[in-house]
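Going by my numbering, the first residue of the sequence shown is number 53, and it counts up by one from there.
Just so it is clear, CB atoms sit at the ideal spot from N, CA and C, and this is done for glycine as well.
Below is one structure, written out as C-alpha cells, with a few remarks after it.
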Amino acid sequence: MNILHVDSSILGENSVSRGLTAAITARQKVLHPGATVTYRDLAAAPNAHLSPSHIAAWFGATPTDPAVIADLAVGQAILDEIFAADIIVIGAPMYNFTLPTQLKAWIDRLLIANKTFKYNEQGMPVGLVPASKKVFIASSRGGMYAGDAPTAFLDHQETLLKGALNFIGLTDITFIRAEGLAIPGQKEPAVAAAKGQIEALAA
C-alpha cells in the first residue's frame, strides 16, 4: 500500500490544511499497517509555471534550458508518484477563491494528453489513471462556501481540484473540509469537526 501525501499551504506550522493532511495520513497508516508514504511539499519545492518550452517538450521538442530540463524531470516524478499511489492525500487551502498557484502548477504536471488522459473518437475525455485509487482532500477556507452558502459560486478551489482529478480518472474523492476559519469563533469547532471526520474514516 502506497500513500502519496501532498501539501501546498505556505503557512507552515500555522496551516490548517497541513495539520489535516498529517492526520489523514496517520489515520491511513493505522488502517493500512506497513503502508509506505511519499511526501511532496509544493510550497517548499514548487514547480515552475508552464512555459512554451514545457509545451514544446511534451510535443517532442528537445529542451535546452537546464531549468526546464530539471523541471520536466520533476514533472515525470510527479506522474510516477500518482500512478504508484494507492491512496492520495492532498492539502488544498483556498487562496482568493481558488487553489494556491503551487498546487495549480502540480495539477499542470498531471493533466498531460496520452499520459493521464486521452480523447476518444467521440471527442470525450477518458482518464488513464486507475480509478481504484482513493483520494482524500484536506480543504481549508476562511469563509463559508459549501452547499447552499451565498458565496458558493465563488468556490473555484474544490470544484477545480475535483474536476481536474475526475478528468484523469480519479473519481473516488473524499473531502475533509474545515471552513469559516476566519470567522470569529468558528476556527476551533471547524477544525475539531474535520478531525472527527478523519478519525471516523474506515478502510
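Check your understanding: Going by the beta-carbon positions, is the gap between I228 and K185 smaller than 9 Å?
Key -> Counting from one through the sequence shown, the residue named residue 228 turns up at place 176. Counting from one through the sequence shown, the residue named residue 185 turns up at place 133. Result no, Cβ atoms of I228 and K185 do not sit closer than 9 Å.
Exercise for review: Can you check the stretch 127-151 for any beta strand (DSSP E) of at least 3 residues that lies completely inside it and give the ranges in chain order?
Suggested key: Along the stretch 127-151, the beta strand (DSSP E) occurs as fully enclosed runs of 3 or more residues at 139-145, listed in sequence order.
Point to revise | Reduced DSSP category for A165 - H, G, I as helix; E, B as strand; rest coil | key: For this step, residue 165 is matched to residue 113 along the sequence shown. Of the three classes helix, strand and coil, the one that applies to A165 here is strand, per DSSP.
Check your understanding: Could you give the distance in angstroms between the alpha-carbon of A95 and the alpha-carbon of M146?
Key -> The residue given as residue 95 occupies position 43 in the sequence shown. The residue given as residue 146 occupies position 94 in the sequence shown. Straight-line Cα distance between these residues: approximately 14 Å.
Review point. Just to confirm, are L217 and I225 a CB contact at a threshold of 9 Å?
Key: To locate residue 217, count along the sequence shown from 1; it is residue 165. To locate residue 225, count along the sequence shown from 1; it is residue 173. Closer than 9 Å, so yes.
Point to revise | Residue from D123, R79 and G194 whose Cα sits closest to the Cα of V89 | key: Residue mapping note: residue 89 aligns to position 37 of the sequence shown, counting from 1. For V89, the closest alpha carbon among the candidates D123, R79 and G194 is that of R79.
Exercise for review: Count the CB pairs spanning the stretch 120-129 and the stretch 60-67 that are closer than 8 Å, and state whether there are at least three.
Suggested key: Contact fails: fewer than three Cβ-Cβ distances are below 8 Å.
**Study point:** Three-state secondary structure assigned by DSSP to P287
**Key:** Absent from the structure is residue 287, since the part of the chain shown begins at 53 and ends at 255.
Point to revise | F188, buried or exposed, once every other Cβ within 10 Å from all chains shown has been counted against 16 | key: Counting from one through the sequence shown, the residue named residue 188 turns up at place 136. Counting the other CB atoms within 10 Å of its CB gives F188 a total of 16 or more, which places it among the buried residues.
Point to revise | For H208, the three-state DSSP class (helix, strand or coil) | key: Within the sequence shown, numbered from 1, the residue matching residue 208 stands at position 156. Residue state, collapsed to three classes: strand.
Review point. Which same chain residues, not among the five before or five after S67, have their C-beta less than 8 Å away from its C-beta?
Key: The residue given as residue 67 occupies position 15 in the sequence shown. Around S67: D59, S61, G143, P145 and S192.
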